[in-house]
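Trainee: There's a structure below that I have some questions on.
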Amino acid sequence: MSSTPLMKSEGRASDDDYSDSGQIPLNHRRSQLLRKENIGWACLFAVLLAVTIGLSAGVAVVVVLSWQNRGPAFSQSFAPSPITRDVDITFHETRFDGNFMEENIYRRKGNNETDAAWAALGIDYRGVRVPADIASSVGLRPEQVQINEKYGGGYPANVEGLHQLHCLNLVRKSLYYNIDYYRAKGEGAFINSEPIVQLHVSHCLDIIRQQLMCQIDIGVLGQVWWQPKDQEEPEAFVDFNTKHVCKNFDAIRQWAEERQLPVEVPDDFLQMPRPGDKILDHVP
Numbered sequence: 267m268s269s270t271p272l273m274k275s276e277g278r279a280s281d282d283d284y285s286d287s288g289q290i291p292l293n294h295r296r297s298q299l300l301r302k303e304n305i306g307w308a309c310l311f312a313v314l315l316a317v318t319i320g321l322s323a324g325v326a327v328v329v330v331l332s333w334q335n336r337g338p339a340f341s342q343s344f345a346p347s348p349i350t351r352d353v354d355i356t357f358h359e360t361r362f363d364g365n366f367m368e369e370n371i372y373r374r375k376g377n378n379e380t381d382a383a384w385a386a387l388g389i390d391y392r393g394v395r396v397p398a399d400i401a402s403s404v405g406l407r408p409e410q411v412q413i414n415e416k417y418g419g420g421y422p423a424n425v426e427g428l429h430q431l432h433c434l435n436l437v438r439k440s441l442y443y444n445i446d447y448y449r450a451k452g453e454g455a456f457i458n459s460e461p462i463v464q465l466h467v468s469h470c471l472d473i474i475r476q477q478l479m480c481q482i483d484i485g486v487l488g489q490v491w492w493q494p495k496d497q498e499e500p501e502a503f504v505d506f507n508t509k510h511v512c513k514n515f516d517a518i519r520q521w522a523e524e525r526q527l528p529v530e531v532p533d534d535f536l537q538m539p540r541p542g543d544k545i546l547d548h549v550p
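Under the working numbering, the first residue of the sequence shown is numbered 267, with each subsequent residue one higher.
Okay, here's the thing in structure tokens:
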């Protein structure tokens, strides 16, 4: 019994048949095509690999440079301070109270309640003692005032952020609608003559200017619609109630509160200048 092949024998040709006729055998042509396709894919893969490596290297360089550029900014946010030895500086998100029409306690006219709210921020805290062994690491210099060794030594110092709030409070007191009230009370900065008060206020104003420029906020203020009662069309108004990421202020304030120097100190509490110490010939 004969069987029928799946492909007829006469439909196939041998390599010898093609070599005699000068034609390229079918299986040779297929292998050449496959080799050409493989070479094409290999080239494409090589190009893609090179591009990927190049992009990765570029991204790596950008990331490294970015971190290098950001490094000083981050370190400036954590300027050398004795506070970081004792307080874990943390961050939290908060929404600013930017209400334009409603005044919170800090914005109200001068009175005992408003003054108490500002005082609770630590604006009038006395200085703290910075140990001598860490003084240079937090920016204090040997020629700066020191505490007498017999009272423990170290450096008297104030927390800058609380001084800046003190300055903002003085500017608040000097606003046109507050100045008469605080002049009449004659307390704090207002015990001094008018020229000294003016110098104090302008000093404080410029300290705040420099701080705001140094720590410039790069957030953006959007706008909202509001409907005036006497108009048909709504109007756009800036939305000052923006989100911010803030340090844990209360922990920092508490640190300064707990470490205040005594209210009363001996006459020789401060170490008088030693021979060779720098003494300025003007008020800095």
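We put the beta carbon where it would ideally sit given N, CA and C, even for glycine.
Determine, using beta-carbon pairs with one atom in the stretch 416–427 and one in the stretch 359–370, whether at least three such pairs fall under 8 Å.
Mentor: no
Trainee: Got a sec: is the Cβ-Cβ distance from K416 to anything in chain D below 8 Å?
Mentor: Annotation note: the requested chain D is absent from the structure, which comprises a single protein chain.
Trainee: Runs of 4 residues minimum, wholly inside the stretch 413–462: which ones carry the alpha helix (DSSP H) assignment?
Mentor: 426–439 and 445–451
Trainee: With a threshold of 8 Å, are at least 3 pairs of Cβ atoms found where one atom belongs to the stretch 503–512 and the other to the stretch 532–546?
Mentor: no
Trainee: So, is H432 buried or exposed, given that buried needs 16 or more other C-beta atoms within 10 angstroms?
Mentor: buried
Trainee: With the cut-off set at 8 Å, would you say G376 and N435 are in Cβ contact?
Mentor: no
Trainee: Rounded to whole angstroms, what's the CA-CA distance from L527 to G393? Just pull it up for me.
Mentor: A direct Cα-Cα distance of roughly 6 Å separates L527 from G393.
Trainee: Can you name, in chain order, every residue of its own chain whose Cβ lies under 6 Å from the Cβ of N458, other than the five neighbours on each side?
Mentor: none
Trainee: Between the C-alpha atoms of E524 and R373, what's the straight-line distance to the nearest angstrom?
Mentor: 28 Å
Trainee: Tell me, please, whether the stretch 381–399 touches the stretch 492–508 by the rule of three or more beta-carbon pairs shorter than 8 Å.
Mentor: no
Trainee: Drop a sphere of 10 angstroms on the beta-carbon of K495, count the other beta-carbons inside from all chains shown, and report buried for 16 or more, exposed for fewer.
Mentor: exposed
Trainee: Among residues of its own chain, excluding the 5 on either side of E409, which ones have a beta-carbon nearer than 6 Å to its beta-carbon?
Mentor: Excluding five sequence positions before and after E409, the CB atoms of its chain that fall closer than 6 Å to its own CB belong to D543 and K544, given in chain order.
Trainee: Helix, strand or coil: how does DSSP classify E523 here?
Mentor: helix
Trainee: Please return the same chain residues whose Cβ sits closer than 7 Å to the Cβ of D516, not counting the five positions on each side in sequence.
Mentor: none
Trainee: How would you write the range of the alpha helix (DSSP H) that E379 sits in, first residue to last?
Mentor: N378 to A385
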